[in-house]
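Undergrad: Below is one structure. I have some questions about it.
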Amino acid sequence: MKKVLLIFGTRPEAIKMCPLVNELKGRKGFETTVCVTGQHKEMLEQVLTVFDVKPDYNLAIMTKNQTLEGVTAKILNLLGEVLDEVKPDVILVHGDTTTSFVAALAGFYRQIPIGHVEAGLRTHDIYSPFPEEFNRQAVGLVAKYHFAPTEESAENLIAEGKNKDNIYVTGNTVVDAIKITISKEHSHEAIEWAKDSRLILLTAHRRESIGEPMRHMFRAIKRVIEEHPDCKVVYPIHMNPVVRQIAAEEFAGVDRIRLIEPLDVVDFHHFMDQSYLILTDSGGIQEEACSIGKPVLVMRDKTERSEGVKSGSLKLVGTDEERIYHEMKELLENPEEYQRMHHAKNPYGDGFASKYIADILEANL
Numbered sequence: 001m002k003k004v005l006l007i008f009g010t011r012p013e014a015i016k017m018c019p020l021v022n023e024l025k026g027r028k029g030f031e032t033t034v035c036v037t038g039q040h041k042e043m044l045e046q047v048l049t050v051f052d053v054k055p056d057y058n059l060a061i062m063t064k065n066q067t068l069e070g071v072t073a074k075i076l077n078l079l080g081e082v083l084d085e086v087k088p089d090v091i092l093v094h095g096d097t098t099t100s101f102v103a104a105l106a107g108f109y110r111q112i113p114i115g116h117v118e119a120g121l122r123t124h125d126i127y128s129p130f131p132e133e134f135n136r137q138a139v140g141l142v143a144k145y146h147f148a149p150t151e152e153s154a155e156n157l158i159a160e161g162k163n164k165d166n167i168y169v170t171g172n173t174v175v176d177a178i179k180i181t182i183s184k185e186h187s188h189e190a191i192e193w194a195k196d197s198r199l200i201l202l203t204a205h206r207r208e209s210i211g212e213p214m215r216h217m218f219r220a221i222k223r224v225i226e227e228h229p230d231c232k233v234v235y236p237i238h239m240n241p242v243v244r245q246i247a248a249e250e251f252a253g254v255d256r257i258r259l260i261e262p263l264d265v266v267d268f269h270h271f272m273d274q275s276y277l278i279l280t281d282s283g284g285i286q287e288e289a290c291s292i293g294k295p296v297l298v299m300r301d302k303t304e305r306s307e308g309v310k311s312g313s314l315k316l317v318g319t320d321e322e323r324i325y326h327e328m329k330e331l332l333e334n335p336e337e338y339q340r341m342h343h344a345k346n347p348y349g350d351g352f353a354s355k356y357i358a359d360i361l362e363a364n365l
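Take the sequence shown: its position 41, counting from 1, is numbered 41 in my numbering, and each next residue is one higher.
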């Protein structure tokens, strides 16, 4: 019986790790333990409930106005006790969060093998996105098993000198999650509000977007909506009070732009499924949208999901107001361009990434 410890702490991590948790728990050869750090609180708990995952440990580190330094120190101090009790044969972390970086570091200090789920994503700019690019590169330094979602991610790792024998292309576990969360029976009041219009789903929260870049995003969107009466925007707004203030100021008086509270993963995936177009500065949404054929305008200067750009599902538009305005208009007014993005091939796997990862661990542990 091999002991596997999965450590995660944010909503996006949970969406992508819970299918793997359940895959491992369904196999007799593993003793599977889940530790959440609570880097997110309510948003994390929503996802755990949807996937029926009950953590064995919850470090509950989230506090008001928490800093990166505080999060890092708390997790590192508390994880030691967990590792002493569980004594895992491998620690699995996901992606690029502070939780992932610190969990990998804690495992490294104990010389416990690290498995990195969603390994190899790169912008090659340590400050973009911040601090995610550092986090994922740092995890890659200590990981033994690199579970890359695409061939391009694997090539990034090989270029950095990682051992080819330890790199496995598995697809992305977010495709596994979407297979579970989307159903025909779902309904939501805000989807009903937009049902006679083309629904544009907006997310914007990234640290480097806050301030003037975010104002530019919102002004472009407002201009487009004012010119297209057949469109409505739903914005599940982040909890950050600065983001909320900017949105309230820029979208004031526009009745076809609706701000709603953050959605649980089931609701959010259905909003994506019902949308005509998605605008985001997020990372994981880029993969999720590719999986259901929705065109995405990525409001960032760089993306680590370049496969989606190459496939044609994503378009990188930065944070310039005029660029966002014109790219939105193009997709709303040019059916050929819209259909080209809508029918682009999904580069992120077949929905069995969790199975492939579990198979690899069975063969190697």
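We put the CB at the ideal spot given by N, CA and C, even for glycine.
Put Pro113 into one of helix, strand or coil per three-state DSSP.
TA: Here Pro113 sits in coil by DSSP.
Undergrad: In the structure shown, what three-state DSSP assignment does Pro335 receive?
TA: Here Pro335 sits in helix by DSSP.
Undergrad: Closer than 8 Å by C-beta to Ser311: which residues in its own chain qualify, once you throw out the five before and the five after it? Chain order, please.
TA: Excluding positions up to five away in sequence, the list reads Cys290, Ala344, Lys345, Asn346, Pro347.
Undergrad: Give the straight-line distance between the Cα atoms of Ile237 and Ile114, rounded to the nearest whole angstrom.
TA: Going from the Cα of Ile237 to the Cα of Ile114 covers about 34 Å.
Undergrad: If you draw a straight line from the C-alpha of Ala138 to the C-alpha of Glu321, how long is it?
TA: One C-alpha to the other measures close to 34 Å.
Undergrad: Output the distance between the C-alpha atoms of Val296 and Asp84, rounded to the nearest integer angstrom.
TA: Using only the alpha carbons, I get a separation of about 44 Å.
Undergrad: Under three-state DSSP, which class holds Val317?
TA: Three-state result, Val317: coil.
Undergrad: Does DSSP put Leu44 in a helix, in a strand, or in coil?
TA: Three-state result, Leu44: helix.
Undergrad: Roughly how many angstroms lie between the CA atoms of Asp267 and Lys16, to the nearest whole one?
TA: Roughly 16 Å between the two C-alpha positions.
Undergrad: Is the separation between the beta-carbon of Asp176 and that of Leu24 shorter than 9 Å?
TA: Contact: no.
Undergrad: What's the call for His116, buried or exposed, on a 16-neighbour Cβ count within 10 Å?
TA: With 16 or more other Cβ atoms within 10 Å, it is buried.
Undergrad: Between which two residues does the alpha helix (DSSP H) harbouring Phe134 extend?
TA: Element bounds for Phe134: 132-142.
Undergrad: Check whether the segment 67-77 touches the segment 196-210, taking contact to mean three or more Cβ pairs, one atom from each stretch, closer than 8 Å.
TA: The segment 67-77 is not in contact with the segment 196-210.
Undergrad: If you follow the alpha helix (DSSP H) that Ala363 is part of, which residue opens it and which one closes it?
TA: It spans 353-364 - the alpha helix (DSSP H) in which Ala363 sits, taken as one unbroken run.
Undergrad: Out of Ile61, Ile257, Ile292, which one is the CA nearest neighbour of Lys222?
TA: That would be Ile257, whose Cα lies nearest to the Cα of Lys222.
Undergrad: Starting from the Cα of Gly318, find the closest Cα among Tyr235, Lys87, Ile7, Ser128 and give me that residue.
TA: When each option's Cα is compared against that of Gly318, the closest is Ser128.
Undergrad: Would DSSP call Pro236 helix, strand or coil?
TA: Residue state, collapsed to three classes: strand.
Undergrad: Identify whether His205 lies in helix, strand or coil by the three-state DSSP scheme.
TA: Here His205 sits in coil by DSSP.
Undergrad: Classify Asp281: buried if its beta carbon has 16 or more other beta carbons within 10 angstroms, exposed otherwise.
TA: It is buried - the Cβ of Asp281 has at least 16 other Cβ atoms within 10 Å.
Undergrad: Whose C-beta lies closer than 8 Å to the C-beta of Phe271 among residues of the same chain, with five residues either side of it excluded?
TA: Result list for Phe271: His188, Ala190, Ile191, Leu199, Leu201, Val234, Pro236, Leu263, in chain order.
Undergrad: Starting from Pro83, follow its DSSP beta bridges and name the residues at the other end.
TA: The sequence given here has Leu at residue 83, not Pro. BP columns for Leu83 are empty, so no partner.
Undergrad: Counting pairs of Cβ atoms below 8 Å between the segment 28-37 and the segment 54-69, do you hit three or more?
TA: Contact holds: three or more Cβ-Cβ distances are below 8 Å.
Undergrad: Near Arg340, what residues of its chain come up, given a Cβ to Cβ distance below 7 Å and the 5 sequence neighbours on each side ignored?
TA: Answer for Arg340: Gly312, listed in chain order.
Undergrad: Considering only the alpha carbon of each residue, which of Glu132, Glu212, His326 lies closest to Glu249?
TA: Comparing Cα-Cα distances from Glu249 to each of Glu132, Glu212, His326, the minimum goes to Glu212.
Undergrad: Measure from the alpha carbon of Ala143 to the alpha carbon of each residue in Pro241, Pro149, His186, Ile112, then state which is nearest.
TA: If we check each option's Cα against that of Ala143, Ile112 comes out closest.
Undergrad: Just how far apart, CA to CA, sit Val4 and Thr32?
TA: Roughly 5 Å separates the two Cα atoms.
Undergrad: How about Val71 and Val102: do their beta carbons lie closer than 9 Å?
TA: In this structure, Val102 lies closer than 9 Å to Val71 by Cβ.
Undergrad: What are the partner residues of Cys35, as DSSP defines its beta bridges?
TA: Looking at the DSSP assignment, Cys35 forms a beta bridge with Ile7, Tyr57.
Undergrad: With burial defined as no fewer than 16 other Cβ atoms inside 10 Å of the residue's Cβ, what is the status of Gly29: buried or exposed?
TA: Burial call: exposed.
Undergrad: Quick check: the Cα distance between Glu132 and Ile126, rounded to an integer number of angstroms?
TA: C-alpha separation (whole angstroms): 8 Å.
Undergrad: DSSP puts Tyr168 in a beta bridge; with which residues?
TA: Beta-bridge pairing links Tyr168 to Phe147.
Undergrad: Which word fits Gln286, buried or exposed, when buried means at least 16 other C-beta atoms lie within 10 angstroms of its C-beta?
TA: Buried: at least 16 other Cβ atoms inside 10 Å.
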